[in-house]
Amino acid sequence: DIQMTQSPSSLSASVGDRVTITCRASQSIRTYLNWYQQKPGKAPKLLIYAVSTLHSGVPSRFSGSGSGTDFTLTINSLQPDDFATYYCQETYSTPYIFGQGTKLDIK
Amino acid sequence: QLQESGPGLVKPSQTLSLTCTVSGGSISSGSHYWSWLRQPAGKTLEWIGRIYTSGSTNYNPSLESRLTISVDTSKNQFSLSLTSVTAADTAVYYCATNSGTYFDYWGQGILVTVSS
Numbered sequence: 007d008i009q010m011t012q013s014p015s016s017l018s019a020s021v022g023d024r025v026t027i028t029c030r031a032s033q034s035i036r037t038y039l040n041w042y043q044q045k046p047g048k049a050p051k052l053l054i055y056a057v058s059t060l061h062s063g064v065p066s067r068f069s070g071s072g073s074g075t076d077f078t079l080t081i082n083s084l085q086p087d088d089f090a091t092y093y094c095q096e097t098y099s100t101p102y103i104f105g106q107g108t109k110l111d112i113k
Numbered sequence: 010q011l012q013e014s015g016p017g018l019v020k021p022s023q024t025l026s027l028t029c030t031v032s033g034g035s036i037s038s039g040s041h042y043w044s045w046l047r048q049p050a051g052k053t054l055e056w057i058g059r060i061y062t063s064g065s066t067n068y069n070p071s072l073e074s075r076l077t078i079s080v081d082t083s084k085n086q087f088s089l090s091l092t093s094v095t096a097a098d099t100a101v102y103y104c105a106t107n108s109g110t111y112f113d114y115w116g117q118g119i120l121v122t123v124s125s
């Protein structure tokens with residue numbers, strides 16, 4: 007299976023900050039990389055698919071980049087609603103592995 | 010919308026059975042895969058497997074020997090059956106649809122605990 011390594015595993019930031027989360031795949035996954043946001047007790051929500059395409063309704067302060075094995079999720083001007091756990095996911099090949107998650111909390 | 014249903018408690022060695030009901034559209038329309046995923050408390054998500062509207066399936070190799078996913082188009086539902094469960098199968102189970110290569114719509118999740 008492909009391994010997906012996210013960093014950092016946790017992150018503290020303030021409203022208005024810019025944060026970056028990275029995700030590294032153990033082999034090239036081309037552009038088959040998605041990002042999800044999950045809040046406690048809730049299902050994950052799709053934020054970005056195919057590295058950089060924002061899902062419908064996702065604010066433009068979210069952006070994604072990368073290709074091959076190294077990817078980033080950037081959130082500009084953090085809002086209170088953004089404090090959550092973020093997961094990357096490869097859909098290059100089944101069984102579609104998720105990263106271990108990055109918990110973003112308020113500093 | 011997707012909604013999971015089924016027992017919240019299953020005894021070890023028994024079979025875990027869940028159903029996902031799709032509303033707001035036909036499960037047979039479009040080019041969708043219908044997937045199951047799970048998440049143990051405090052851990053990351055695990056893709057379990059998926060079914061296409063034609064009935065073709067793909068399973069996670071780690072679960073394949075115990076797993077069956079089926080679809081009932083007349084009821085607009087798809088189902089998960091996982092046999093010989095252990096405590097390691099305790100998790101929140103989600104159904105989701107994937108259009109293309111991403112999971113865009115999810116059920117709210119159902120907690121299944123394996124315990125005697």
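So the protein lines, in turn, are chains Z and V.
Per this note's numbering, the first sequence runs over residues 7 to 113.
Per this note's numbering, the second sequence runs over residues 10 to 125.
Where a beta carbon is used, it is the ideal one built from N, C-alpha and C, also for glycine.
Checking the DSSP bridge columns, you'll see ASN40/Z partnered with GLN95/Z. Annotation: GLU73/V is outside any beta strand (DSSP E) and is labelled neither H nor E by DSSP.
Contact between the segment 79-92 of chain V and the segment 29-49 of chain Z is absent: fewer than three C-beta pairs spanning the two stretches fall below 8 angstroms. Listed along the chain, the chain Z residues whose CB falls inside 9 angstroms of the CB of GLY118/V are GLY47, LYS48 and ALA49. Closer than 8 angstroms at the C-beta level to chain V, one finds these residues of the segment 30-42 of chain Z: TYR38, ASN40 and TYR42. Under the DSSP definition of a beta bridge, ASP87/Z lacks any partner. Of the residues assessed, GLN44/Z falls on the buried side of the cut-off, its CB having 16 or more other CB atoms within 10 angstroms. The beta carbons of VAL57/Z and GLY47/Z sit no closer together than 7 angstroms.
Counting C-beta pairs with one atom in each stretch, the segment 19-32 of chain Z and the segment 76-88 of chain Z have three or more that are closer than 8 angstroms, which means they touch.
In the DSSP assignment, TYR103/V forms a beta bridge with LEU46/V. The alpha-carbon of LYS20/V is positioned some 45 angstroms away from that of GLY72/Z.
For ALA90/Z and ASP111/Z, the gap between their C-alpha atoms comes out near 7 angstroms.
Around the beta carbon of LEU76/V, 16 or more other beta carbons sit within 10 angstroms, so the residue counts as buried.
The count of Cβ pairs closer than 8 angstroms, one atom from the segment 60-70 of chain V and one from the segment 37-48 of chain V, reaches three, so the stretches are in contact. Counting only the Cα atoms, LYS113/Z lies some 36 angstroms from SER44/V. Residue pairing from DSSP leaves ASP98/V without any beta-bridge partner. Scanning chain Z for C-beta atoms nearer than 9 angstroms to the C-beta of ASP98/V yields nothing, as the closest lies near 16 angstroms away.
For ALA105/V against GLY116/V, the beta-carbon gap comes to about 7 angstroms, under 8 angstroms, which counts as contact. For THR26/Z, the uninterrupted beta strand (DSSP E) segment begins and ends at 25-31. Nearest in C-alpha terms to ASP88/Z, of all of LYS109/Z, ASP76/Z and TYR98/Z, is LYS109/Z.
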